[in-house]
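Trainee:
There are 2 protein chains.
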Amino acid sequence: MANDGITGNHISKTSIISGFSKLNRDERIELLRNNTGVDIAPELDSFLHSNPVLQQTFSEYSENYLTNFFLPFGVVPNVLVNGEMYLVPMVIEESSVVAAASRAAGFWAQHGGFKTEVLGTKKKGQVHFIWNGQGDFLKQIFPKIEAELYLNTETITAGMKSRGGGITDIGLVDLTSKLANYYQLDVVFETADAMGANFINTCLEEMAATLKDFMTGFAQQGTLEVVMSILSNHTPESVVKCTLTCPVEELAPMSGTYSPDDFAHRFKLAVQMAQADVSRAVTHNKGIYNGIDGVVLATGNDWRAVEAAGHAYAAQNGSYRALSDVKVEDGLFEYSITVPLAVGTVGGLTKSHPMAALALKMLRNPSAKKLMGIIAALGMANNFSAVTSLITSGIQKGHMKMHLPNLLSQLGATEQQKAAAMEYFKNKVVSYSAVSSFLTA
Amino acid sequence: MANDGITGNHISKTSIISGFSKLNRDERIELLRNNTGVDIAPELDSFLHSNPVLQQTFSEYSENYLTNFFLPFGVVPNVLVNGEMYLVPMVIEESSVVAAASRAAGFWAQHGGFKTEVLGTKKKGQVHFIWNGQGDFLKQIFPKIEAELYLNTETITAGMKSRGGGITDIGLVDLTSKLANYYQLDVVFETADAMGANFINTCLEEMAATLKDFMTGFAQQGTLEVVMSILSNHTPESVVKCTLTCPVEELAPMSGTYSPDDFAHRFKLAVQMAQADVSRAVTHNKGIYNGIDGVVLATGNDWRAVEAAGHAYAAQNGSYRALSDVKVEDGLFEYSITVPLAVGTVGGLTKSHPMAALALKMLRNPSAKKLMGIIAALGMANNFSAVTSLITSGIQKGHMKMHLPNLLSQLGATEQQKAAAMEYFKNKVVSYSAVSSFLTA
């Protein structure tokens, strides 16, 4: 059934291509041309960087690399975090996100700014294994295993220790009530300014080998089978809290046609609704991650890890709920979010991607802890802005205004039509059908 | 306290910048130069597209736009979904993701491929409101409200109806047990090939106005306060299931040093562990989203929406668990994942971003339903590959091999050192410290 589709003129809808990853870029593109029937080489080439050395770096980021995908790199000014002002880079395709964050940041810069506190930076990983002997025997000899685990990872952890990190705890977890004979080595790491994934996984794989070796000496007690060794992206102990506080009366610039009191009341209701109802909670948190991911991407961090950690954290008490809390008391408005974040300012792509390196430079090369605070502040800025829009003018007015240029491009508007439409929709509701009608009128 | 930092030579750590969004790009960059002390204009400019028309499109994607952020655009060959072969574009910064997906796709293309089934495409949105009158009164007059809601959204929904979508249900939800006087209009939408966010929000804001108007006629029964109107990113009824099946004995090419039976046994254990333990579940699902997000980004869809929906879905039965299921029975291996997906192949950036448009072309311009299947298949490909690595060789061997070029760049290796390192580490374990030692030896 398999045939080599590389030399043919046309890839059938079912033929298997062998050796694709061994082709060079030109050969890959030629194959794609045969497959799509369109000469896509000039278009793909147009997205390459003009500096060949830099381009080489980008070409090495992924197997079967074709070209660079462009996402807008924007900046949010006036982000005041713990008394320090930042211009924060964001990478995100949604047109209203930078504007929303900027609006909130500008307001809060004049009202004390974002106060952030890192509640912990512990990361964890596990060696998952099956032990068919007595659990008590395992627990009894565990101190000896533990000593071996520390000993055999010493060469791996030496560098990290010198940077203030390392392994801080090793536990034995009995999960046999969930799955027959299931145990874990549950290992706690500090990883300084790195996200630490590679360091953690390297340690865990060494620990798995040590554990297996050690237990072969007790074959008469049972058999131990290591199933896998890997870091956990669940990081409920690597957490940052971000808080905004101001007198209710100072909320006037954000409250639209409402009084500051009514605005605060409606804001509180909106957050309570996101705590009470999962349909609302998911969208509320999505708005937080609009801001968080923008900075995560810009700084070369891993947004899938950050998203998975955040939403699992939102669900940790049995029902998925909002990551934020609000208090309106004695004329004071206080809003906070608490999110887990495992990010780095060294390692991964943070320094090797030139734009990520520039993004970190714009943030004055922060420590991982400082970056946690800045990222949380942007999550909060976006969420504050989104909730503010929702409870005042509604979300569509601002959002669609930002999206208008995209709509016009999509509908093939000429430059002249674009200018006319931007003028026409200044005070009108933007929608796909309204813009479409305008262009065909 | 606020001062205008634009004209000064140096932005202090606390000064507020006013009117930043009204500056043009050159002025913004000049201000950044003053702020960072480095002339970043040449670097930022080097990432612009050489075609000014195209570049103009990118410049309009975001407020406070500076330049384009490059992410690698790669391709996964041999993705066989429901009997059709695809070359699937992926945009992701993690170096091992495309390689991992390709490995799984290539194997499964020879064993029946990915079978996908869209279980639903319903999206929802809510008008969240407070009603301080009797709930029974609201329920009693609801049919009349409902009729008005359909009537007043007719002009908005006409276009979508002609494409096979529209509003399919409007419900009244009583959430007063969770929060005093809290009710929702809970509205179900079909959005054809669009993700539908703007359409849904426009409908809901119109509905909110209608609801308020209608209830002013019943002021003696109580007061109704609309708090907000917005789509929900929780989409447990817009779901796709993806399944892989083959005889256990055919798993031999993936089973490493294990027999196919032992491999299947270990694979089953690994999935059961991810169902039993949240620390493992989060990472297991993160691996699924490595694949999903790669295609979501490449096709111009909104990854925050997709991530939020997926992880909330994973938590919907009270404890966060793996999104996949496994069965090994009668010599047959069957693996499936079920994920919510709200994505579009029209609207948003899907057609206006030239690379997203090309990505969709590479996929033969699929319907939204087909795209759901392809995305789920890539999620599954990555997860299958990750679990396979974890239970056979361990994850670090392959991952660090892929990451080696990045490490070398990061450590400032010369071309000669790079070549030597690639050769040296062919059969050795790659780690930051090992590579660092090699370079300084």
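Respectively, the protein sequence lines represent chains A and B.
The first sequence: position 38 = 38 (the working numbering), numbered continuously.
The second sequence: position 101 = 542 (the working numbering), numbered continuously.
Each residue gets a CB set at the ideal place from its N, CA and C atoms; glycine is no exception.
Please read these numbers as outputs of a predicted model, since none were measured by experiment.
Tell me which residue opens and which closes the alpha helix (DSSP H) that Asp577/B is part of.
Mentor: Counting along the chain, the alpha helix (DSSP H) containing Asp577/B begins and ends at 576 to 593.
Trainee: Using C-beta distances below 7 Å, list every residue in its chain close to Gly478/B, excluding the 5 sequence neighbours before and after it, in chain order.
Mentor: Correct list: empty, nothing qualifies.
Trainee: Considering only the beta carbon of each residue, do Asn505/B and Leu71/A sit closer than 8 Å?
Mentor: No, they are not a contact pair.
Trainee: Taking 8 Å as the CB-CB cut-off, is Val188/A touching chain B?
Mentor: Judged by the 8 Å Cβ criterion, Val188/A is not in contact with chain B.
Trainee: Quick one: residues in its chain with C-beta nearer than 8 Å to the C-beta of Ile288/A, no 5 flanking neighbours on either side, listed in chain order?
Mentor: Closer than 8 Å at the Cβ level, and outside the excluded window around Ile288/A, lie Gly310, Leu323, Ser324, Ile337, Val339, Gly379, Met380, Asn382, Asn383.
Trainee: If we call anything under 8 Å between Cβ atoms a contact, is Ser487/B one with Ser46/A?
Mentor: No, the pair does not count as a contact, with Cβ atoms beyond the cut-off.
Trainee: Which residue comes first and which comes last in the beta strand (DSSP E) that contains Pro89/A?
Mentor: First-last of the beta strand (DSSP E) with Pro89/A: 84 to 91.
Trainee: Which first and last residues belong to the alpha helix (DSSP H) in which Val668/B is found?
Mentor: Looking at the DSSP string, Val668/B is not in any alpha helix (DSSP H); the run it does join, the beta strand (DSSP E), is 665 to 672.
Trainee: Quick one: measure Cβ to Cβ for Ala818/B and Phe555/B, integer angstroms, because I've assumed they're closer than 8 Å.
Mentor: Indeed they touch by this definition, with Cβ atoms about 4 Å apart.
Trainee: How big is the Cα-Cα spacing for Ala2/A and Ile832/B?
Mentor: Model confidence at Ala2/A stands at a pLDDT of 38, short of 50, so the residue's coordinates are unreliable and nothing is read from them.
Trainee: List, in order along the chain, the chain A residues whose C-beta lies closer than 7 Å to that of Ala749/B?
Mentor: Per Cβ cutoff of 7 Å: Val282, Asn285, Lys286, Tyr289, His311.
Trainee: On the three-state DSSP scale, how would you describe Lys867/B?
Mentor: Of the three classes helix, strand and coil, the one that applies to Lys867/B here is helix, per DSSP.
Trainee: What are the residues of the region 603 to 620 of chain B that lie near chain A, defined by any Cβ-Cβ distance shorter than 8 Å?
Mentor: Flagged, chain order: Leu616, Lys619, Leu620.
Trainee: Within a Cβ cutoff of 6 Å, which residues of the same chain sit near Leu80/A, ignoring the five residues on either side of it in sequence?
Mentor: Counting only Cβ-Cβ distances below 6 Å, and skipping sequence neighbours, we find Ala109, Gly113.
Trainee: In three-state DSSP terms, what is Glu329/A?
Mentor: Three-state DSSP puts Glu329/A in a strand.
Trainee: Out of Pro677/B, Leu507/B, Leu495/B, point me to the one whose CA is closest to Asn758/B's CA.
Mentor: Of Pro677/B, Leu507/B, Leu495/B, the residue nearest in Cα terms is Pro677/B.
Trainee: Would you list, in sequence order, the uninterrupted alpha helix (DSSP H) runs of no fewer than 4 residues that lie entirely inside the region 325 to 383 of chain A?
Mentor: Runs found: 354 to 362.
Trainee: Considering just the uninterrupted stretch of the alpha helix (DSSP H) at Pro694/B, what are its terminal residues?
Mentor: That residue, Pro694/B, is in no alpha helix (DSSP H); it is neither H nor E in DSSP.
Trainee: Going by beta carbon distance, what residues of the same chain come within less than 7 Å of Ala798/B, once the five residues before and after it are set aside?
Mentor: Cβ neighbours of Ala798/B beyond the five flanking positions: Lys792.
Trainee: Count the other CB atoms, across all protein chains shown, that sit within 10 Å of the CB of Gln129/A; report buried if there are 16 or more and exposed otherwise.
Mentor: The question names Gln, yet the displayed sequence has Phe at residue 129/A. Phe129/A comes out buried.
Trainee: With a threshold of 16 other CB atoms inside 10 Å of the CB of Asp302/A, please say whether the residue is buried or exposed.
Mentor: Buried.
Trainee: Who are the neighbours of Leu349/A on chain B, taking C-beta pairs under 8 Å?
Mentor: Within chain B, the residues near Leu349/A are Glu534, Asn847.
Trainee: Verify the CB distance criterion: does Ala2/A have a CB-CB separation below 8 Å to chain B?
Mentor: Any reading at Ala2/A is ruled out, since the residue's pLDDT is 38, under 50, leaving its predicted position unreliable.
Trainee: With H, G and I counted as helix, E and B as strand and the rest as coil, what does DSSP make of Leu44/A?
Mentor: If DSSP states are grouped into helix, strand and coil, Leu44/A belongs with the helices.
Trainee: Do we get a CB-CB distance below 8 Å when we pair Gly449/B with the residues of chain A?
Mentor: Because Gly449/B sits at a pLDDT of 38, beneath the cut-off of 50, its placement in the model cannot be relied upon, and the point is left open.
Trainee: Given a cut-off of 8 Å on the beta-carbon distance, is the pair Ala800/B and Ala739/B in contact?
Mentor: In contact: Ala800/B and Ala739/B (Cβ atoms closer than 8 Å).
Trainee: Give the interface partners of Gln417/A over in chain B, defined as CB-CB distance under 7 Å, in chain order.
Mentor: Those do not exist, as Gln417/A stays about 14 Å from chain B at its closest Cβ, beyond 7 Å.
Trainee: State the start and end residues of the unbroken alpha helix (DSSP H) segment that holds Asp654/B.
Mentor: Counting along the chain, the alpha helix (DSSP H) containing Asp654/B begins and ends at 638 to 657.
Trainee: Could you list which residues in chain A have their beta carbon closer than 8 Å to that of Leu672/B, in chain order?
Mentor: Chain A residues near Leu672/B: Thr283.
Trainee: Since Ser720/B and Gln126/A are thought to touch, with beta carbons under 8 Å apart, how far apart are those beta carbons, to the nearest angstrom?
Mentor: Confirmed, about 6 Å.
Trainee: For a test of the three-state rule: what should DSSP assign to Leu560/B, helix, strand or coil?
Mentor: In the structure shown, Leu560/B sits in a strand (DSSP, three-state: E or B).
Trainee: Using a C-beta to C-beta distance shorter than 9 Å, which residues of chain A count as neighbours of Asp654/B?
Mentor: Those do not exist, as Asp654/B stays about 15 Å from chain A at its closest Cβ, beyond 9 Å.
Trainee: Using the Cβ count rule (16 or more neighbours within 10 Å means buried), how would you classify Ala860/B?
Mentor: That one is exposed.
Trainee: Whole-angstrom Cβ separation of Val75/A and Met85/A, contact assumed at under 8 Å?
Mentor: At roughly 13 Å, the Cβ-Cβ gap does not stay under 8 Å, so Val75/A and Met85/A are not in contact.
Trainee: By DSSP's criteria, Thr243/A is part of a beta bridge. Which residues make up the other side?
Mentor: According to DSSP, Thr243/A bridges with Lys115/A, Ser336/A.
Trainee: Just the C-alpha distance for Phe142/A and Asn132/A, rounded to the nearest angstrom, thanks.
Mentor: Between Phe142/A and Asn132/A, the C-alpha separation is close to 16 Å.
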